[in-house]
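J.:
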Amino acid sequence: MITTVTLNASIDKAYHLTQRIENGTVMRVANTYNSAGGKGLNVARVARLCGADVKAAGLVGGYNGQYLESLLESDGIPFEFEHINGETRSCINILDPGYGSTEYLEAGCDVTPEEETAFLKKFPEIIIDSDVITISGSAPNGMGKDIYQKMVQIVKDQGKKVILDTSGEYLEEGLKSIPTMVKPNKDEIEMLFNIKIHSQIDVIKYARKIYEKGIPYVVISLGGDGALLVCEKGIYQGRPPEIEVVNTVGCGDSMVGAFAVGLERNMEPEDILKYAVAVASANALSPKTGTLEPVKRDEIIQNVKIIKL
Ligand code: TA6
Numbered sequence: 001m002i003t004t005v006t007l008n009a010s011i012d013k014a015y016h017l018t019q020r021i022e023n024g025t026v027m028r029v030a031n032t033y034n035s036a037g038g039k040g041l042n043v044a045r046v047a048r049l050c051g052a053d054v055k056a057a058g059l060v061g062g063y064n065g066q067y068l069e070s071l072l073e074s075d076g077i078p079f080e081f082e083h084i085n086g087e088t089r090s091c092i093n094i095l096d097p098g099y100g101s102t103e104y105l106e107a108g109c110d111v112t113p114e115e116e117t118a119f120l121k122k123f124p125e126i127i128i129d130s131d132v133i134t135i136s137g138s139a140p141n142g143m144g145k146d147i148y149q150k151m152v153q154i155v156k157d158q159g160k161k162v163i164l165d166t167s168g169e170y171l172e173e174g175l176k177s178i179p180t181m182v183k184p185n186k187d188e189i190e191m192l193f194n195i196k197i198h199s200q201i202d203v204i205k206y207a208r209k210i211y212e213k214g215i216p217y218v219v220i221s222l223g224g225d226g227a228l229l230v231c232e233k234g235i236y237q238g239r240p241p242e243i244e245v246v247n248t249v250g251c252g253d254s255m256v257g258a259f260a261v262g263l264e265r266n267m268e269p270e271d272i273l274k275y276a277v278a279v280a281s282a283n284a285l286s287p288k289t290g291t292l293e294p295v296k297r298d299e300i301i302q303n304v305k306i307i308k309l
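So for the sequence shown, the numbering used here puts the first residue at 1; every next one is plus one.
(1) Using the beta carbon as the reference atom, which residues fall closer than 6 angstroms to any heavy atom of the ligand TA6, ordered along the chain?
(2) I'd like to know whether the C-beta atoms of Ile126 and Leu68 end up nearer to each other than 8 angstroms.
(3) Just the Cα atoms here: how many angstroms apart are Asn141 and Glu169?
(4) Considering Cα atoms alone, identify which of Ala57, Asn85 and His83 is closest to Leu72.
(5) Put Val111 into one of helix, strand or coil per three-state DSSP.
(6) Could you please give me the residues that DSSP links to Ser136 through a beta bridge?
(7) Please determine if the region 234–241 and the region 261–276 are in contact, where contact requires at least 3 C-beta pairs separated by less than 8 angstroms.
(8) Applying the criterion that 16 or more other CB atoms from any shown protein chain within 10 Å of the CB defines a buried residue, is Gln149 buried or exposed?
(9) Relative to the alpha-carbon of Gly174, which residue among Ile220, Thr291, Val155 and Leu292 has its alpha-carbon at the smallest distance?
(10) For the candidate residues Ala14, Glu244 and Cys109, whose alpha-carbon lies nearest to that of Thr102?
(11) Return helix, strand or coil for Tyr15, following the three-state DSSP convention.
(12) What is the C-beta distance between Val43 and Gly257, in whole angstroms, given that I count them as a contact (C-beta under 8 angstroms)?
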């Protein structure tokens, strides 16, 4: 089973417009898609759609927390959240027909030291039945910067695989516990090393630096160019076919979901990469966030190219 952990959950609202955004005017939203969000819940939905047994965990609170749990029930995803006093946030994704996606991410409610301590105390029990655990996204205000380092260590102490998908100080601290896999994008690599990426050579250079810290799988998501994987077997690039993108939000999370499924099934690294690139591309074809049609994934995977570099 896969347990996904989302400390900073969100009601994700995708607003599809039929006209270009004009600031200072009243914009009418043509279509709205609400989903249980925060990166880990996109991971959970995608892993479930790929046939895995999944449990969604993390922190939720208030009326938005109740709404999020009802959305997950509709998705057919079991959950085990710790409830906090604050109100679960909302994240808005505005899709402008002439531009694409722009996200407005609320910071989320504060979590108290007592709530953090209670969660960490319960965490070993939350993950006890899972083989692969994913930890995704930002952490709420009030939680220590080492929260993910502590959680990764707890997973590893149980001898399980753990994927960490976060950024900034949380990633920097989380790396110290040597997760099984990390999936930074180019921006997150630049923030981690305080550098600018100018070429694929730079991407490989910095991905290798992370790999050399002892991380078995380092995946760099590259948007429409797919992803790069550095692992014991070598360095691979997975390239998707050209597709008509509808909504790219959640593609990175979909890739994490696919890798969680691949690790659980003990697939070969290059096969997991191929699968993950197809899953992320299939997510981009959906107007909703963090979902896909498996039949489209199966069509796309036929045309995903895996190159060993
Ligand atoms: O990756 C897309 C997404 O999961 C959105 O659905 C939205 O929930 C956002 O990221 C949350 O990001 P954060 O880094 O704040 O956890």
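No residue lacks a Cβ here, since even glycine has one placed at the ideal position from N, Cα and C.
T.: Looking at the coordinates:
(1) Asn8, Ser10, Asp12, Gly37, Gly38, Lys39, Asn42, Cys91, Leu105, Gly137, Ser138, Val249, Gly250, Gly252, Asp253 and Thr289
(2) no
(3) 13 angstroms
(4) Ala57
(5) coil
(6) Asp165
(7) yes
(8) buried
(9) Val155
(10) Ala14
(11) strand
(12) 4 angstroms
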